[in-house]
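Asker: Please find one structure pasted underneath; my questions will follow.
2 protein chains.
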Amino acid sequence: MFVSRPAVHPVEAPPLTDAAENPPRVRMKEIQGMPGTPGGLALRLSQFVFAAAALGVMVSASDFASVTAFCYLVAATILQGLWSISLAFLDIYALLVKRCLRNPRALRLFTLGDGITATLTFAAACASSGITVLIGNDLNICSQNHCTSFETATAMAFISWFAVCPSFLMNFWSLACR
Amino acid sequence: MFVSRPAVHPVEAPPLTDAAENPPRVRMKEIQGMPGTPGGLALRLSQFVFAAAALGVMVSASDFASVTAFCYLVAATILQGLWSISLAFLDIYALLVKRCLRNPRALRLFTLGDGITATLTFAAACASSGITVLIGNDLNICSQNHCTSFETATAMAFISWFAVCPSFLMNFWSLACR
Numbered sequence: 001m002f003v004s005r006p007a008v009h010p011v012e013a014p015p016l017t018d019a020a021e022n023p024p025r026v027r028m029k030e031i032q033g034m035p036g037t038p039g040g041l042a043l044r045l046s047q048f049v050f051a052a053a054a055l056g057v058m059v060s061a062s063d064f065a066s067v068t069a070f071c072y073l074v075a076a077t078i079l080q081g082l083w084s085i086s087l088a089f090l091d092i093y094a095l096l097v098k099r100c101l102r103n104p105r106a107l108r109l110f111t112l113g114d115g116i117t118a119t120l121t122f123a124a125a126c127a128s129s130g131i132t133v134l135i136g137n138d139l140n141i142c143s144q145n146h147c148t149s150f151e152t153a154t155a156m157a158f159i160s161w162f163a164v165c166p167s168f169l170m171n172f173w174s175l176a177c178r
Numbered sequence: 179m180f181v182s183r184p185a186v187h188p189v190e191a192p193p194l195t196d197a198a199e200n201p202p203r204v205r206m207k208e209i210q211g212m213p214g215t216p217g218g219l220a221l222r223l224s225q226f227v228f229a230a231a232a233l234g235v236m237v238s239a240s241d242f243a244s245v246t247a248f249c250y251l252v253a254a255t256i257l258q259g260l261w262s263i264s265l266a267f268l269d270i271y272a273l274l275v276k277r278c279l280r281n282p283r284a285l286r287l288f289t290l291g292d293g294i295t296a297t298l299t300f301a302a303a304c305a306s307s308g309i310t311v312l313i314g315n316d317l318n319i320c321s322q323n324h325c326t327s328f329e330t331a332t333a334m335a336f337i338s339w340f341a342v343c344p345s346f347l348m349n350f351w352s353l354a355c356r
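Residue numbers (our numbering), protein chains in the order written: chain A, 1 to 178; chain B, 179 to 356.
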């Protein structure tokens, strides 16, 4: 009698599902570098700073427009810079009002944007580095070109890409985790 | 009598946890393109075929060795081809003996390898395309160079990278899912 009565109602279910849902939530909040965390803001700011540096250095070389790949680098770094500074402002807002930015729709948007900008920035940096190596090592015509500027801009674009990668991978990871 | 007797033992707990564990397993098995599936084998074979095509076309141009980026493309496609054909054989083995390749350690290895080879192949393709556009559009010296070969090899490398991307993203996704 005593044993059978409380076991009739299946009351174990709600606590079990709660316990299964809690660990990922806790884990997601802990990771620095995700949207809405100080680490994420630092990543966004470094992406923006290095993209802006790549843009500035490349534009400072007067003859960059004669090479398509260098024009593409300028376009890609502008896009990267705009994307990163927008998300940096969003991070600052989220930190100030203590709002969580990690809902599925926002995460999907961030992952998509990071993936596209990262691919474009990396492609531009690789194309520019191919031409920089061609000018500097294969043809040895650095005396007629602004090799140092081209190399510096390419390096900055690579560093900007390095800073986008963790953002993309973390967003993609937590999109899969939820 | 009928209701109380079977409910005396708290037997709801094991089925509940089983039910909570089953959906990811089923979902992982269903996705074509993952290691050990026919879709995955098709992806690996297309990666290998296009990497081998890029390698063959690039090597067929006699003067490719004078440009560092083209040499790098050759190296990257060799690595990509070796990696893809190894995993294709592994997929064939897994399909023949009906073994599941989706344990965490194997997934981690596949994700890492796919990420590295995809990055290298994409970098090589971008560097080559930068130089191809420089030769063809900016300098207009296609008459003195094997532009068609360079362009074809670059396109093949890009297609090979397109085939690696789904493998990498799916492996990374299921690594995060588990």
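The beta-carbon is built from N, C-alpha and C at its ideal position, and this holds for glycine as well.
Looking at chain A, is there any beta carbon in it that lies within less than 8 Å of the beta carbon of B/S327?
Answerer: If you number the second sequence from 1, residue 327 of chain B lands on position 149. By this cut-off, B/S327 is not an interface position.
Asker: For A/P35, does the three-state DSSP call read helix, strand or coil?
Answerer: On the first sequence, position 35 is the one that residue 35 of chain A refers to. Three-state DSSP puts A/P35 in coil, outside helix and strand.
Asker: Quick one: residues in its chain with C-beta nearer than 6 Å to the C-beta of A/Q47, no 5 flanking neighbours on either side, listed in chain order?
Answerer: One-based indexing of the first sequence puts residue 47 of chain A at position 47. Excluding positions up to five away in sequence, the list reads S84, S160, A163 and V164.
Asker: At 7 Å on the CB atoms, spell out the chain A contacts of B/D316, in chain order.
Answerer: Within the second sequence, numbered from 1, the residue matching residue 316 of chain B stands at position 138. Here the neighbours are S66, V67 and T68.
Asker: Residues of chain A with a CB under 8 Å from the CB of B/S306: which are they?
Answerer: By one-based count along the second sequence, residue 306 of chain B stands at place 128. In chain order: G130.
Asker: Distance check for B/S244 and B/A231, CA to CA, integer angstroms please.
Answerer: To locate residue 231 of chain B, count along the second sequence from 1; it is residue 53. To locate residue 244 of chain B, count along the second sequence from 1; it is residue 66. Whole-angstrom Cα-Cα distance: 20 Å.
Asker: Of all the options A/Q80, A/W173 and A/A51, which has the alpha carbon lying nearest to the alpha carbon of A/G113?
Answerer: Residue mapping note: residue 113 of chain A aligns to position 113 of the first sequence, counting from 1. A/G113 has its Cα closest to that of A/Q80, out of A/Q80, A/W173 and A/A51.
Asker: Following the continuous alpha helix (DSSP H) through A/L79, name the residue where it begins and the one where it ends.
Answerer: Residue numbering aside, residue 79 of chain A sits at position 79 when the first sequence is read from its first letter. Per DSSP, A/L79 belongs to the alpha helix (DSSP H) from T68 to L96.
Asker: List the residues of chain B whose Cβ lies closer than 8 Å to the Cβ of A/L134, in chain order.
Answerer: For the purposes of this step, residue 134 of chain A is taken as residue 134 along the first sequence, with counting starting at 1. Within 8 Å Cβ-Cβ: V245, T246, A247, I309 and L312.
Asker: Return the residues of the segment 341–352 of chain B that lie within a Cβ-Cβ distance of less than 7 Å from chain A, sorted by chain order.
Answerer: Per Cβ criterion, the list reads F350 and W351.
Asker: Could you work out which residue in A/A88, A/A155 and A/I135 is closest to A/H146 when comparing CA atoms only?
Answerer: Along the first sequence, one-based indexing puts residue 146 of chain A at 146. Nearest C-alpha to A/H146: A/I135.
Asker: Where does A/A61 sit, in a helix, a strand or coil, going by DSSP?
Answerer: Counting from 1 along the first sequence, the entry for residue 61 of chain A is found at position 61. A/A61 falls in the coil class under three-state DSSP.
Asker: Excluding the 5 residues preceding and the 5 following B/S345 in the sequence, name in chain order all residues of the same chain whose CB lies nearer than 6 Å to its CB.
Answerer: Taking the first residue of the second sequence as 1, we reach residue 345 of chain B at position 167. The residues are L221 and D292.
Asker: Please state if the CB of A/P35 and the CB of A/L102 are separated by a distance shorter than 8 Å.
Answerer: One-based indexing of the first sequence puts residue 102 of chain A at position 102. One-based indexing of the first sequence puts residue 35 of chain A at position 35. In the sequence under discussion, the amino acid at residue 102 of chain A is Arg, which differs from the Leu named in the question. Yes, these two residues count as a Cβ contact at 8 Å.
Asker: Residues of chain B with CB under 7 Å from A/A106, in chain order?
Answerer: As a working note, residue 106 of chain A is residue 106 in the first sequence. The premise fails here: A/A106 is roughly 18 Å from chain B at the closest Cβ pair, so nothing lies under 7 Å.
Asker: Which of the three DSSP states is assigned to B/I294 in this structure?
Answerer: Translated into positions along the second sequence, residue 294 of chain B becomes position 116. Helix.
Asker: Near B/C320, what residues of its chain come up, given a Cβ to Cβ distance below 6 Å and the 5 sequence neighbours on each side ignored?
Answerer: Along the second sequence, read from residue 1 onward, the residue named residue 320 of chain B stands at position 142. Closer than 6 Å at the Cβ level, and outside the excluded window around B/C320, lie G314.
Asker: Kindly list, in the order they appear in chain B, the residues whose Cβ is closer than 8 Å to that of A/C177.
Answerer: In the first sequence, residue 177 of chain A corresponds to position 177, counting from 1. In chain order: A354 and C355.
Asker: For a contact defined as C-beta to C-beta under 8 Å, what are the partners of A/A123 on chain B?
Answerer: In the first sequence, the residue the question calls residue 123 of chain A occupies position 123. Residues of chain B passing the Cβ test: F300 and C304.
Asker: Taking DSSP as the reference, what is the three-state secondary structure of B/N315?
Answerer: If you number the second sequence from 1, residue 315 of chain B lands on position 137. Helix, per DSSP.
Asker: Which residue from B/T255, B/R277 and B/V275 puts its Cα closest to that of B/A296?
Answerer: The residue labelled residue 296 of chain B in the question sits at position 118 within the second sequence. Checked all of B/T255, B/R277 and B/V275; the closest Cα to B/A296 is B/T255.
Asker: In chain order, what residues of the same chain lie with their CB nearer than 6 Å to the CB of A/T17, ignoring the 5 residues before and after it?
Answerer: To locate residue 17 of chain A, count along the first sequence from 1; it is residue 17. Residue placement at A/T17 cannot be trusted, given a pLDDT of 44 that sits under 50; what the coordinates show is reported in the next sentence. Here the set comprises nothing.
Asker: Look up A/C142 in the DSSP assignment and say whether it is helix, strand or coil.
Answerer: Locating residue 142 of chain A in the first sequence gives position 142, counting from the first residue. Helix.
Asker: Can you give the Cα-Cα distance for A/I92 and A/Q144, rounded to whole angstroms?
Answerer: Sequence index remark: in the first sequence, residue 92 of chain A carries index 92 (1-based). Sequence index remark: in the first sequence, residue 144 of chain A carries index 144 (1-based). Rounded to whole angstroms, A/I92 to A/Q144 spans 45 Å at the Cα level.
Asker: Measuring alpha carbon to alpha carbon, tell me which of A/L96, A/T111, A/T132 and A/S149 ends up nearest A/S60.
Answerer: Numbered from 1 along the first sequence, position 60 holds the residue referred to as residue 60 of chain A. Comparing Cα-Cα distances from A/S60 to each of A/L96, A/T111, A/T132 and A/S149, the minimum goes to A/S149.
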